[in-house]
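Oh and the sequence shown: position 129 is 171 in my numbering, straight run, nothing missing. Some notes on the structure that comes next.
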Amino acid sequence: ELEQIPAISDDEPEYLPSVARPLVYHLFGILAEPDSLVLTEDDHFDFLRRVSRVPALVPLAVREALADTALLLLGYRIDGWDFRVLYRSLLQQEGRARRSKYANIAGQVSPDEDYFLLPTQARRYFERSFDANDISIFWGSVDDFTRELLAQLAAAPAPAPPERAASRRR
43 ELEQIPAISD
53 DEPEYLPSVA
63 RPLVYHLFGI
73 LAEPDSLVLT
83 EDDHFDFLRR
93 VSRVPALVPL
103 AVREALADTA
113 LLLLGYRIDG
123 WDFRVLYRSL
133 LQQEGRARRS
143 KYANIAGQVS
153 PDEDYFLLPT
163 QARRYFERSF
173 DANDISIFWG
183 SVDDFTRELL
193 AQLAAAPAPA
203 PPERAASRRR
């Protein structure tokens, strides 16, 4: 059960995620707590129902990050229950309109030709659906995405160093 997963806030009520101490949240459970794992189709329905009824089950810091930061979702199958539940919960989330100011990317495996009767049409459908919700789809493996991201970063101009406070006062 989601309610039974130990949270850092239990031990450190004042904890705030930072670059030095990021929060890793196991949305679909953690192996150390087998009852917390969301594995079956029924588990996914139960998870979505509980989180929809009681949003506070997901910590505020996680809900705020999902609503007001760029999202990078990697390794999901676009037709998998884990992705579908996460995606639906993002669409229903309070504050979701703020997400449109960020580049949101879902790295996905292409619709399987053996699974979809019309894979090209399925791909177009998914692209339109996600684009309408400000999420771009990268079709390929996580390795493909990482290689392309690194290539684009290497080709991009280096950012200008931030101005120092003293130089702005002059």
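Beta carbons are placed, not taken as given, at the ideal position from N, Cα and C, and that holds for glycine.
Does the beta-carbon distance from residue i to residue j come in below 7 Å?
i	j	result
Val-96	Phe-89	no
Val-184	Leu-116	yes
Ile-177	Ala-148	yes
Asn-146	Leu-113	yes
Ala-98	Pro-59	no
Asp-110	Arg-91	no
Taking the alpha-carbon positions, what's the residue i to residue j distance?
i	j	result
Phe-158	Pro-64	38 Å
Glu-54	Pro-161	48 Å
Trp-123	Leu-108	19 Å
Asn-175	Ser-142	8 Å
Ala-198	Arg-189	14 Å
Ala-49	Gln-163	43 Å
Ala-202	Glu-106	29 Å
Ser-94	Gln-134	8 Å
Asp-84	Val-127	11 Å
Phe-172	Arg-165	11 Å
Gly-71	His-86	11 Å
Tyr-118	Thr-82	15 Å
Ser-78	Arg-170	34 Å
Glu-205	Pro-101	35 Å
Leu-215	Pro-76	A query on residue 215 cannot be resolved here, the shown segment of the chain reaching from 43 to 212 and no further.
With DSSP collapsed to three states, give me the class of residue i.
i	result
Arg-138	helix
Ala-148	strand
Leu-108	helix
Ser-131	helix
Tyr-67	coil
Leu-115	strand
Ser-171	helix
Glu-75	strand
Ile-177	strand
Pro-204	coil
Give the C-beta separation of residue i and residue j to the nearest angstrom, bearing in mind that I take them to be a contact with Cβ-Cβ under 8 Å.
i	j	result
Ile-179	Phe-168	6 Å
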